[in-house]
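*Asks:* Those protein sequence lines, which keep their order, are chains A and B.
Residues 1 to 296 (our numbering) are what the first sequence spells out, left to right.
Residues 297 to 482 (our numbering) are what the second sequence spells out, left to right.
Using N, Cα and C, we set each Cβ at its ideal position, and we do this for glycine too.
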Amino acid sequence: MKYAFFPGCSLESTAWDFDASVRATFAALGAELTDIPDWSCCGSTPAHASNTSLAVALPVMNLLKARDMGRPVLTACASCYARLRTANHKVKTDPAERQRTERIVGKPYDGAVPVHHILEALTRHIGADAIAARVTRPLSGLKVACYYGCLLTRPPEVVAFENPEHPVSMDTIMTAAGADVVDWPYKTECCGAGLSMTTSAVVNRLGHNILAMARRAGADCLAVACPLCQVNLDLRQRDAAKAHGPLPETPVLFVTQLLGLALGLSPEALGIEGLFVSADGLLDRLAPAKAAGGAA
Amino acid sequence: MSEALPWNDPTFLRDVERRSGASVSACFQCHKCSTGCPVAPEMDVMSSQIMRLIHLGARDEALASQSIWLCASCEACTTRCPQGIDIAAVMDTLRMMAVEAGVTLGDARGNKFNTSFLSSVRRHGRVFEMGLMTAYKLRSGDLLGDVGKVPGMLKRGKLALWPKSSGNAKEVREVFKRADQEEKNR
Ligand code: SF4
Ligand code: SF4
């Protein structure tokens with residue numbers, strides 16, 4: 001598969017480790033990612049909370065560039081994904097919004113450029129079997145709680161690749177990588193990342209709930225697929241424990257970091273050193289990589 | 297004859313419905329949205345109560361609530377509402393109306409953050425985190441919150457020290473200008 005990759009602002013800075021691990025795992029799985037040239041910010045929540053026209057126009061600027069590339073868009077950030085999909089949805093369903101957007105960006109656009117999240121690409125385009133066939137270092141014995149957060153599955157009429165209350169794509173990928181996924185009830189509870197800068201007290205409570213529940217379900221670590229969730233649950237973990245009671249340190253890894261390890265990629269190539277709560281203890285437990293095709 | 301309620305602004309419901317595209321009138325007060333809302337415990341007026349305030353034309357109360365700035369835009373309410381009401385879009389609309397009305401009774405730190413974020417995008421075409429944090433801290437006066445996190449973030453390469461601009465920054469500025477204009481004419 002060939003994709004027009006939209007990294008987004010988080011992957012360029014706070015989540016450089018997500019960026020590195022997405023590129024490394026997709027390359028290892030034979031997918032070709034080319035960045036959308038001169039991509040610009042999707043506007044995220046600040047745009048949709050303050051200017052509806054801007055919230056559609058900013059994503060559309062990038063979708064137009066992907067259209068020129070003739071490739072579907074791939075993105076790793078849940079917020080970018082939601083904004084790009086929402087822009088398409090609005091342009092497709094609301095003629096007035098479409099006209100407004102076309103006036104702003106100065107080009108016709110019908111909302112037709114496909115937008116995929118990496119979880120969708122991994123499960124629907126590449127597939128669990130193809131992943132399992134390339135696993136050289138199964139994550140055996142590693143208990144993973146897959147945490148999806150809010151925007152990957154909601155609202156379903158806009159994002160639409162999973163059940164909004166019970167998503168399974170990340171569980172499928174982690175199972176293919178040989179991990180034991182735990183069954184737990186907080187897969188889609190919001191971590192409050194959007195409030196991280198402004199209202200950290202609320203964010204600490206939400207983060208604590210999620211981490212404590214993952215531990216109760218027996219998880220050693222969390223797998224996430226959103227840069228905002230990751231930084232929120234990782235960077236603020238100590239604050240959450242201070243405010244709401246002790247928690248065992250719980251590494252919060254990007255799903256592509258865990259998958260990359262299973263594919264035999266090095267921790268350096270996957271940006272594991274970017275984590276605040278170290279995953280070294282987990283890595284020590286993994287068996288060394290075998291020759292390709294050794295899993296399943 | 298009963299007296300008109302002091303807060304009964306008959307245009308409020310219509311304005312909110314038009315701008316958000318959500319049929320607030322369809323809300324039958326089941327409270328499912330509030331039940332699943334992650335920030336309901338901290339809210340002064342929960343989402344289902346906001347819907348009721350809109351029915352009642354309580355413009356000032358709705359726009360001055362802390363809740364509209366506490367909403368995390370997680371879309372749980374919109375996904376679950378049995379009446380198909382896009383409650384998250386209503387929250388966005390109320391935030392915009394509160395800013396336009398100059399209502400500052402609620403906690404508008406969220407607005408200061410949004411302004412800082414968007415001015416970074418307007419200038420560079422992308423968000424520049426260090427600049428964003430500085431601009432937000434200056435606007436909100438919350439100068440010490442989170443400074444302890446900066447060294448750890450820098451060490452892990454998680455905060456850029458200088459902006460990475462999009463080669464498209466000029467076009468982005470034009471889009472901001474035209475979008476501001478379109479938003480005024482909406
Ligand atoms: S879930 Fe929908 S119908 Fe029920 S109270 Fe909330 S807005 Fe009203
Ligand atoms: S979108 Fe806002 S109001 Fe709705 S459930 Fe999430 S935080 Fe609550």
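For Asp388 of chain B, return the contacting residues in chain A, with the cut-off set at a CB-CB distance below 7 angstroms.
*Replies:* Translated into the one-based positions of the second sequence, residue 388 of chain B becomes position 92. Those are His48, Ala49, listed as they occur along chain A.
*Asks:* In chain B, what lies closer than 7 angstroms to Gly207 of chain A by C-beta?
*Replies:* Locating residue 207 of chain A in the first sequence gives position 207, counting from the first residue. In chain order: nothing, as chain B lies at least about 11 angstroms away.
*Asks:* Taking 8 angstroms as the threshold (beta carbon to beta carbon), is Gly453 of chain B in contact with chain A?
*Replies:* For the purposes of this step, residue 453 of chain B is taken as residue 157 along the second sequence, with counting starting at 1. Chain A, which has a Cβ nearer than 8 angstroms to the Cβ of Gly453 of chain B, makes this yes.
*Asks:* May I ask which residues mark the beginning and end of the alpha helix (DSSP H) holding Leu282 of chain A?
*Replies:* The sequence position of residue 282 of chain A within the first sequence is 282, counting from 1. Start and end: 280-285.
*Asks:* Alpha carbon to alpha carbon, how far is Thr374 of chain B from Ala336 of chain B? Give it in angstroms, no decimals.
*Replies:* Taking the second sequence and counting its residues from 1, one reaches residue 336 of chain B at position 40. Taking the second sequence and counting its residues from 1, one reaches residue 374 of chain B at position 78. So the alpha carbons of these two residues sit roughly 15 angstroms apart.
*Asks:* Measure the alpha-carbon distance for His89 of chain A versus Asp110 of chain A and round it to whole angstroms.
*Replies:* Within the first sequence, the letter at position 89 stands for residue 89 of chain A. Within the first sequence, the letter at position 110 stands for residue 110 of chain A. Using only the alpha carbons, I get a separation of about 10 angstroms.
*Asks:* With a threshold of 8 angstroms between beta carbons, is Ala368 of chain B in contact with chain A?
*Replies:* Stepping through the second sequence from its first residue, residue 368 of chain B is reached at position 72. Yes, Ala368 of chain B counts as interfacial toward chain A.
*Asks:* Inspect the beta-carbon positions of Thr14 of chain A and Pro227 of chain A and report whether they are closer than 8 angstroms.
*Replies:* Here residue 14 of chain A refers to the residue found at position 14 when the first sequence is read from its first residue. Here residue 227 of chain A refers to the residue found at position 227 when the first sequence is read from its first residue. Yes, they are a contact pair.
*Asks:* Does at least one heavy atom of ligand 2 sit under 7 angstroms from the Cβ of Pro155 of chain A?
*Replies:* For the purposes of this step, residue 155 of chain A is taken as the residue at position 155 of the first sequence. No.
*Asks:* Does ligand 2 have even one heavy atom less than 7 angstroms from the beta-carbon of Pro337 of chain B?
*Replies:* Here residue 337 of chain B refers to the residue found at position 41 of the second sequence. Pro337 of chain B Cβ: outside cutoff for every heavy atom of ligand 2.
*Asks:* Taking just the CA atoms, how far does Arg238 of chain A sit from Gly402 of chain B?
*Replies:* Along the second sequence, one-based indexing puts residue 402 of chain B at 106. Along the first sequence, one-based indexing puts residue 238 of chain A at 238. For Gly402 of chain B, the predicted structure reports a pLDDT of 48, less than 50, and the residue's modelled location is therefore unreliable. A value from the coordinates is still provided. Going by the C-alpha atoms only, they are around 29 angstroms apart.
*Asks:* Please confirm whether Arg310 of chain B has its beta-carbon closer than 8 angstroms to some beta-carbon of chain A.
*Replies:* Taking the first residue of the second sequence as position 1, residue 310 of chain B is located at position 14. Chain A, which has no Cβ nearer than 8 angstroms to the Cβ of Arg310 of chain B, makes this no.
*Asks:* Which of helix, strand or coil does DSSP assign to Val144 of chain A?
*Replies:* Locating residue 144 of chain A in the first sequence gives position 144, counting from the first residue. Residue state, collapsed to three classes: strand.
*Asks:* Does any heavy atom of ligand 2 sit closer than 7 angstroms to the C-beta of Glu165 of chain A?
*Replies:* The count along the first sequence starts at 1 and reaches residue 165 of chain A at position 165. No - ligand 2 has no heavy atom lying nearer than 7 angstroms to the Cβ of Glu165 of chain A.
*Asks:* Taking 7 angstroms as the cut-off, is the C-beta of Gln325 of chain B nearer than that to any heavy atom in ligand 3?
*Replies:* Questions concerning ligand 3 fall outside what the structure shown contains, since the ligands it does hold are ligand 1 and ligand 2.
*Asks:* Can you name, in chain order, every residue of its own chain whose Cβ lies under 6 angstroms from the Cβ of Met1 of chain A, other than the five neighbours on each side?
*Replies:* Position 1 of the first sequence, counted from the first residue, corresponds to residue 1 of chain A. Excluding sequence neighbours, Met1 of chain A sits near Ala31, His125.
*Asks:* Return the residues of the region 196-230 of chain A that lie within a Cβ-Cβ distance of less than 7 angstroms from chain B, sorted by chain order.
*Replies:* For the region 196-230 of chain A, which is checked against every Cβ of chain B, the residues closer than 7 angstroms are Met197, Thr198, Thr199, Ser200, Val202, Leu206.
*Asks:* Can you give me the start and stop residues for the beta strand (DSSP E) that Cys326 of chain B sits inside?
*Replies:* Taking the first residue of the second sequence as position 1, residue 326 of chain B is located at position 30. Here Cys326 of chain B belongs to no beta strand (DSSP E), and DSSP marks it neither H nor E.
*Asks:* Looking at C-alpha atoms only, which residue of B:Lys445, B:Arg315, B:Ser415, B:Cys329 is the closest neighbour of Arg376 of chain B?
*Replies:* To locate residue 376 of chain B, count along the second sequence from 1; it is residue 80. The option with the nearest alpha carbon to Arg376 of chain B is B:Cys329.
*Asks:* So with CB distances below 7 angstroms, who are the chain A contacts of Ser462 of chain B?
*Replies:* Your numbering for residue 462 of chain B matches position 166 in the second sequence. In chain order: Asp38, Trp39, Ser40.
*Asks:* Considering only residues of the same chain and omitting the five flanking positions on each side of Glu97 of chain A, which have a CB-CB separation below 7 angstroms?
*Replies:* For the purposes of this step, residue 97 of chain A is taken as residue 97 along the first sequence, with counting starting at 1. For Glu97 of chain A, where only same-chain residues beyond five positions count, the Cβ hits under 7 angstroms are Val56, Lys90, Val91.
*Asks:* Answer yes if the region 191-202 of chain A comes into contact with the region 155-163 of chain A, meaning at least three C-beta pairs across the two stretches below 8 angstroms, and no otherwise.
*Replies:* Because the criterion of three Cβ pairs below 8 angstroms is not met, the region 155-163 of chain A and the region 191-202 of chain A do not touch.
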